[in-house]
Structures are given as C-alpha cells and as structure tokens.
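Read through the structure below, which is laid out as structure tokens, and then see the notes.
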Amino acid sequence: MNKENKAFSVRPAHRVGTVQEYYFSKKLKEVAAMNAAGKRVISLGIGSPDLPPSEVAIETFQREVARPDVHGYQPYTGMPELRRGYAAWYEQWYGVTLDADREVLPLIGSKEGILHVSMAFLNPGEGVLVPNPGYPTYSSVSRLVGAELIPYTLEASRGWQPDFEALERLVAEREAALRPPIKLMWANYPNMPTGADASDELLERLVDFGRRHGIVICHDNPYSFILNDHPRSILSVKGAKEVCIELNSMSKAHNMPGWRMAMLASNAQFVEWILRVKSNVDSGQFRPMQSAVVEALKAPREWYDGMNAVYRRRRVLAERIMDALGCQYDPRQVGLFLWGRVPTSAKCGEALADRVLQQAHVFITPGFIFGSAGDQYVRISLCCPEDALEEALERVKTKIGK
Numbered sequence: 000m001n002k003e004n005k006a007f008s009v010r011p012a013h014r015v016g017t018v019q020e021y022y023f024s025k026k027l028k029e030v031a032a033m034n035a036a037g038k039r040v041i042s043l044g045i046g047s048p049d050l051p052p053s054e055v056a057i058e059t060f061q062r063e064v065a066r067p068d069v070h071g072y073q074p075y076t077g078m079p080e081l082r083r084g085y086a087a088w089y090e091q092w093y094g095v096t097l098d099a100d101r102e103v104l105p106l107i108g109s110k111e112g113i114l115h116v117s118m119a120f121l122n123p124g125e126g127v128l129v130p131n132p133g134y135p136t137y138s139s140v141s142r143l144v145g146a147e148l149i150p151y152t153l154e155a156s157r158g159w160q161p162d163f164e165a166l167e168r169l170v171a172e173r174e175a176a177l178r179p180p181i182k183l184m185w186a187n188y189p190n191m192p193t194g195a196d197a198s199d200e201l202l203e204r205l206v207d208f209g210r211r212h213g214i215v216i217c218h219d220n221p222y223s224f225i226l227n228d229h230p231r232s233i234l235s236v237k238g239a240k241e242v243c244i245e246l247n248s249m250s251k252a253h254n255m256p257g258w259r260m261a262m263l264a265s266n267a268q269f270v271e272w273i274l275r276v277k278s279n280v281d282s283g284q285f286r287p288m289q290s291a292v293v294e295a296l297k298a299p300r301e302w303y304d305g306m307n308a309v310y311r312r313r314r315v316l317a318e319r320i321m322d323a324l325g326c327q328y329d330p331r332q333v334g335l336f337l338w339g340r341v342p343t344s345a346k347c348g349e350a351l352a353d354r355v356l357q358q359a360h361v362f363i364t365p366g367f368i369f370g371s372a373g374d375q376y377v378r379i380s381l382c383c384p385e386d387a388l389e390e391a392l393e394r395v396k397t398k399i400g401k
C-alpha cells in the first residue's frame, strides 16, 4: 500500500454505519448537475422560506453588527432579552407562561435540538417512538445515540394522528418482555410531511400518554403559524410541562432558516439536563442575530397575515400541480407543504418524483424519505415564487399529465 492510500485502513465509528447521507444532500447534487447542464430545474423540494424576515429584524441586525462590542462569545443560554422574547411570544400566541430564566433554552436550529434532547434522555438500547411518516432526523439521531427505534404509524384514515391503542400495546409488550423502557416520543403538529393539524384533544392525549408511562413527549412545533388560524402549543395542556419538551424555530414562521435561531421550552430540570449536553457541543449565537430575533418576535398579526397571503396564492398553484399529476390530497392541510397520494398508475412516490425531475425538470420530494408509510406519496414545497410555480405547472402539464 502506498503512502497516500494508508488512510483507507482506518474505519469509522460503528454509529456512522447506522445512518446514510441525508436525502436532500445527495439529491441536490443531482439537481446541481442538471442545472450545470443547462436544464434549469425548478425546485419544489426543500422547505426553505424564500421570503425575507421582517424589516425591523433586518434593520436591527444591520445596526447591531456595526457595533465594536458584539463580536465575542455569547452565553450558552443566550441573551436574557432573547429568552424573555421567546417567553413573551409564547404568552402572546399560545397562552403559555414560561420562566425565561429556567424554562427556555435558545438553540442553533431545532435540528440541533433534536440531537441535544436525544443525548440528554436516551441511553443505548432504550426505546424511542418515532412517527412514520415523520422528519427523518428523529430516526437518524436516535440511531446515532444507540437508542432502539420504535416506529408508530400515522395513517390518512386517522387524520395522520397516532393510534393510541396501538401505542398502549407497544408499551405493555415491551414491559412484559422486560426490555429497556421507552424513554422518549417524537411528535410534530402541524405535521410534516402530511400537513395534518393538531387538535386540543390530540395534544391532551399525548400529554396523558407521556405522564402515565413516564415517557418524555418531545413536540416539534415549527409550522404552527403557516396557513394555520389556530397556533397551538402542547405546553398549553395542563400538566404538560412535567413531561413535555417543545421545540420551536424562527426558520419557518419568521423566514429565517439560514440564521439557525430556534428554542426549546420545558420544565427547569429538563432544560438543565439538555444544557449540560448543549454547553459541551456548541456555543452561544452571534449577538446581533439574537437582537434581531428579539424584534422579529414582536411581529403583529398583520405580519403573519401578509406572509400567509403569499403562501395561500402559492398553495393554489401547488394544488393544481398535484391535480396535473393525478395525485389526491386533503385541502385542509396546513403548514409549508402540500402532501399528495400518487395515482395508481405510478409505482410509488419515488418513481413519480424521478419522472417529474427527469422529464419536466421539476424537483418534488418523494414520500418514502419520511418512512415506509409515505411510500405512495409526494410532497411539494411552497417555498417558491408564484411565477416559478406557474412554470412548473406548465412543464408538468406538457411533459407528464395524468
């Protein structure tokens, strides 16, 4: 073996073999190659808001970044003003009272928060309930920390809500078999990818399930302001704070995905445990961005209404694309995407998505990446200007049709 090849005798940690490169990381390379070849792909795949943050947030950042005294390390728990801003936002919109000093923890994106929570609560071999279909990071991070994945299926016939009778059986069977306990359950409403909204009853049942079985319910809640008239937080349920953690994000509702500004809220003990992990993994966020978020969180109802007016127009075009593809969808969906079942003429969602990409040069997301229960579905993102959506519609009509 020559000198330059010696590195290949090194093997990665076993955990690396439990996960694959993220689907979008791989697929966007293919899209980039198509664009380089002049095919001009229209991307309706990723939920990265293309609208700008509020003017006051941008102005605040521009002013603060020019100061000479804001470029140093920041506290791991964020500026007190930021924690108070998140707490005030929860009080105003969700009716949830939070202790800004003990029950709120800023995050460098809620995706990172999923790792922090998993490391704080899951020992190797312990069970974690993950939705199928669901955000892939719930599963991949659980594998990385050595937990045992226990998928729970969401079905259209149940409104994409958990089957609580099946969950009770899972818990009972695991206890009877003397297996390590189920410690954590991931839930996400408004749901991604299906667009199903939460109800008060659903959130109450999740809290009750967690409290009775000593299972931490981690509710991922970044979509509650998108095309949704009734934002809800699981922490509004009586007793929820005792067993629930809620993740929230500036990425979707405030058009700040690249800023990586998010937070979690829970009881003081849970927050302290998670901080032990977080403070050993990352650092505080850039102060001017924190100051900008403080202002963004003060947005009035009119700001959210203006954003949703844009998404509502885009949603009409997304539905027309689904119609042109022969897909079925629930018009009551909320959130940043449109989820549709592929026609019987299509083998699966992946086959239809690949056909749309290769023939119409439009990138839509196949549902299989969210779990086996999404195999017959595709997803369209609303993070695309109307003129591009209109062109995508014409391409699909011309190249694909029903």
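Position 230 of the sequence shown, counted from 1, bears residue number 229 in numbering that gives the first Met the number 0, the numbering being contiguous throughout.
Glycine included, each C-beta is placed from N, C-alpha and C at the ideal position.
Just to confirm, is the Cβ distance from residue i to residue j under 7 Å?
i	j	result
isoleucine 363	valine 341	no
glutamate 361	arginine 394	Per the sequence presented here, residue 361 reads as valine, with glutamate not at that position. Against a cut-off of 7 Å, the Cβ pair of arginine 394 and valine 361 comes out as a contact.
glycine 84	valine 293	yes
proline 287	phenylalanine 23	no
leucine 114	alanine 146	no
methionine 191	tyrosine 134	yes
proline 161	glutamate 125	no
tyrosine 310	leucine 226	yes
proline 48	proline 256	yes
serine 53	tryptophan 258	no
valine 242	histidine 212	no
DSSP on residue i, reduced to helix/strand/coil?
i	result
serine 42	strand
alanine 86	helix
lysine 25	helix
aspartate 61	A small correction: the amino acid at residue 61 is glutamine; aspartate does not occupy that position in the sequence shown. Helix.
glutamine 160	coil
valine 15	helix
tyrosine 75	coil
valine 129	strand
glutamine 332	coil
alanine 239	helix
valine 280	coil
glutamate 20	coil
valine 95	coil
serine 232	coil
asparagine 190	coil
glycine 373	helix
valine 175	Per the sequence presented here, residue 175 reads as alanine, with valine not at that position. Three-state result, alanine 175: helix.
alanine 31	helix
methionine 0	At methionine 0, the pLDDT of 47 sits below 50, so the modelled position is not reliable and the matter cannot be decided from this model.
Indicate, with yes or no, if the ligand GDP has a heavy atom lying under 6 Å from the CB of residue i.
i	result
alanine 65	No copy of the ligand GDP appears in this structure; indeed no ligand is present at all.
So residue i is in the beta strand (DSSP E); what residue range does that whole segment cover?
i	result
isoleucine 216	215-219
glycine 339	336-340
threonine 152	147-152
valine 377	376-380
For residue i, which of the options has the nearest alpha-carbon?
i	options	result
leucine 183	Asp162, Pro221, Ser141, Gln73	Ser141
threonine 76	Glu271, Gly348, Val361	Glu271
glycine 373	Tyr151, Gly84, Glu54, Gly37	Tyr151
glutamate 200	Trp185, Tyr222, Phe163	Phe163
glycine 42	Pro365, Thr397, Phe369	Checking the sequence shown, residue 42 turns out to be serine, not glycine. Minimum Cα distance to serine 42 is reached at Pro365.
arginine 168	Glu154, Ile149, Ala56, Gln160	Ile149
glutamate 90	Ala352, Pro384, Ala264, Gln289	Ala264
tyrosine 137	Ser156, Pro123, Ser109	Ser109
alanine 186	Pro67, Ala295, Ile214	Ile214
arginine 204	Lys398, Leu166, Gln289, Val69	Leu166
leucine 153	Ser380, Ser371, Lys396	Ser371
leucine 81	Tyr93, Lys38, Glu301, Val103	Val103
glutamine 409	Thr343, Arg312, Met255, Leu335	Outside the modelled stretch of the chain, which goes from 0 to 401, sits residue 409, for which no answer is possible.
aspartate 386	Ile399, Ala317, Glu29	Ala317
glutamate 390	Ala323, Arg173, Gln375	Ala323
Which two residues bound the contiguous alpha helix (DSSP H) that contains residue i?
i	result
arginine 312	300-324
methionine 288	286-295
glycine 366	Run containing glycine 366: none; DSSP gives neither H nor E here.
valine 103	Valine 103 -> not in any alpha helix (DSSP H); beta strand (DSSP E) instead, spanning 103-106.
leucine 143	135-143
leucine 398	Strictly speaking, residue 398 in this sequence is lysine, with leucine absent from that position. From DSSP, the alpha helix (DSSP H) with lysine 398 extends over 385-398.
valine 69	Where valine 69 is concerned, there is no enclosing alpha helix (DSSP H), given that its DSSP letter is neither H nor E.
isoleucine 113	109-120
leucine 226	Unbroken run through leucine 226: none, as it is neither H nor E.
alanine 352	348-354
valine 9	Valine 9 -> no alpha helix (DSSP H), and no H or E assigned at all.
glutamate 200	199-212
Checking the sheet assignment: what are the DSSP bridge partners for residue i?
i	result
glutamate 245	His218, Ala264
methionine 255	Methionine 255 is not bridged to any residue.
tryptophan 185	Cys217
glutamine 327	Arg340
Any C-beta of chain C sitting closer than 7 Å to the C-beta of residue i?
i	result
arginine 10	In the displayed structure, chain C is absent; only one protein chain is listed.
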